[in-house]
Amino acid sequence: MKIEERIARRQHGESDPRLVLDYDALSPVVHPQEPVGRGSLVERLLDCIEPVFDGRVPSDVYVWGPKGAGKSAVIRALFAQLDRLIGRSDSQILTTTRAIPTPSVEFVYIDARTATTGFALLHAVLDQLVSDPVPKQGVGAEAIATRLDRQLASDRAVIIGVDHINEPESLSADLVFEQLQPFTPGLAALLVGRDPPTATGVGDREAVQTVHVDGYRRHALAEVLTSRASNGLVRSATTHGQLRELATWADGDAHDALAALFGASVIAEQRGHEKIYPADMAVGMHAVPRPGVSLGRVLSLPDSRQRILSHLIELPESDRRSVGAAADAISAYNVELSRATIERVLYELAEAGIVRRVKAQSTGTGRPPSRVELGFPTRVFSHLTSEP
DNA sequence: ACCTGGTCCCGGGCTCGGTTTT
DNA sequence: AAAACCGAGCCCGGGACCAGGT
């Protein structure tokens, strides 16, 4: 915990934390600077992009593996370090004996969950390459492409990491390649997604290197949890056995395991416990639907969608008996959307797997309604969105 | 050089009406 | 027949760019 936070606690008359030191350390959407237990993945990625160390542009890469396997954690951390060490500025790597002048290669990380159109992709890339902000509205896609082309013409080499490819509501691999195609000489893409290459169209592109990531093994995941718990919770808030069990339950998915631990911590803190009891952990696990979608997807939804979800979570079971009923109930709150739009949005969210429609028993005439259920870790979502 | 109205851009709310399912 | 479902086009707001006038 930071000193600033400690001081803030005292100012508000709070005593030392009894359980949670730092929710960020437990959060499945916050990645540490140094991911635990994914060394070999880092090595394989470095192999793929080896040419950059001579200032050349490597061929494109596709990294794929299941949800919660640490893909994003590794890519984010790796790109941040690469950009710091050999990217941008006039950088030179100083060794004890000599200065190696490295032709600069820049590294840009893009999340396809936020950049969901071809326009948004190019915009995001350009925005990171130039210092002054690029307008997001009022300027055509053509204009963005022209500016980007001019940037890349001047001998710049750029590696673009595009995370979360081929999710519903995000970019497809084909679209990304198509968008980046005009700039290829000075630019390479590293795509990250869940689908196997054959299912994404990447398989048809021979020049693309592929890297497969497996889910965490049980004890590797337990180590991740131990490391997170030691940063986020007071000492002895959890036991080794507990974290091992959690790892087993999560079956290699670090996202779900952390979401459950986070939820358990919230509930334990509410109950005034100084450690996480089995009952707390059970509640935490219960609030993580499996299979479910990752929190990152939910948190990158537009504001209006998140407002709808916040209210949907609060709704009593009876108000979620059908999509129409849920739309009615939500529109009673102060959401600045019409009832029809809310209903439409609920169908959209169901399409994306963020909420689920569960068919109910037929209740008379007509097509039976479907109950609305949440498809993501609700406790974590509520906690993260209720804060200012 | 500065103002101002016109035009184009993108994204997101909204609605309509056809289709599917029981 | 009735209700759930949903594809897709319209519309509008805010922003940038442009040109013509002062």
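Throughout, this note's numbering is defined as the position within the first sequence, counted from one, plus 7.
The C-beta atom is built at its ideal place from N, Cα and C for all residues, glycine as well.
By DSSP, does H280 sit in helix, in strand, or in coil? coil
Measure the beta-carbon distance from T217 to Y69 and round it to whole angstroms, keeping in mind my assumption that it falls under 8 Å. 5 Å
Out of curiosity, what's the CA-to-CA distance linking D61 and V220? 27 Å
One or two residues paired with G168 in a DSSP bridge: Y116, L197
Is S177 near the ligand GDP, with its Cβ less than 7 Å from a heavy atom? What this structure holds is no ligand at all, so the ligand GDP is not there to describe.
Unbroken beta strand (DSSP E) runs of length 3 or more, entirely within the segment 254-298: which are they? none
Proximity winner among G168, S34, R17, I349, relative to P65 (alpha-carbon distances): G168
Should Y354 go down as buried or exposed, given a rule of 16 or more other Cβ atoms within 10 Å for buried? exposed
Pull up the distance between the alpha-carbon of A87 and that of S47, whole angstroms please. 18 Å
Within the continuous beta strand (DSSP E) that includes H219, where are the two ends? 216-219
Start-end ranges of the beta strand (DSSP E) lying completely within the segment 319-368, minimum 3 residues: 362-366
Specify the secondary structure class of S389 as computed by DSSP and reduced to three states. helix
Inter-residue CB distance, G331 and V362 (contact presumed, cutoff 8 Å): That belief does not hold up - the Cβ atoms of G331 and V362 are roughly 14 Å apart, past 8 Å.
Between which two residues does the beta strand (DSSP E) containing R378 stretch? 377-381
Which of helix, strand or coil does DSSP assign to L240? strand
The beta strand (DSSP E) that contains V70, what's its start and end? 68-71
Where does R386 land, buried or exposed, given buried means 16+ other C-beta within 10 angstroms? buried
Please work out which residues of its chain come closer than 6 Å, Cβ to Cβ, to P35, disregarding the five sequence neighbours upstream and downstream, and give them in chain order. H262, L265, A266, L302
Let me know if G239 comes out buried or exposed under the rule of 16 or more other beta-carbons within 10 Å of its beta-carbon. buried
Going straight from the alpha carbon of E358 to that of A289, what length do you get? 29 Å
Kindly give me the distance between the Cβ atoms of E350 and R25, rounded to whole angstroms, as I take these residues to be in contact under 8 Å. The Cβ separation is near 44 Å, so there is no contact.
At which residues does the alpha helix (DSSP H) containing A41 begin and terminate? For the sequence presented, residue 41 should be read as Glu rather than Ala. Premise fails: E41 is in no alpha helix (DSSP H) and is neither H nor E.
Pull the bridge partners of V137 from the DSSP assignment, please. In DSSP, V137 forms no bridge with anything.
Between the segment 142-157 and the segment 189-199, are three or more C-beta pairs nearer than 8 Å? yes
6 Å CB neighbourhood of R51 in its chain, flanking five on each side removed: V218
State the Cα-Cα distance for the pair S177 and V300, rounded to the nearest angstrom. 14 Å
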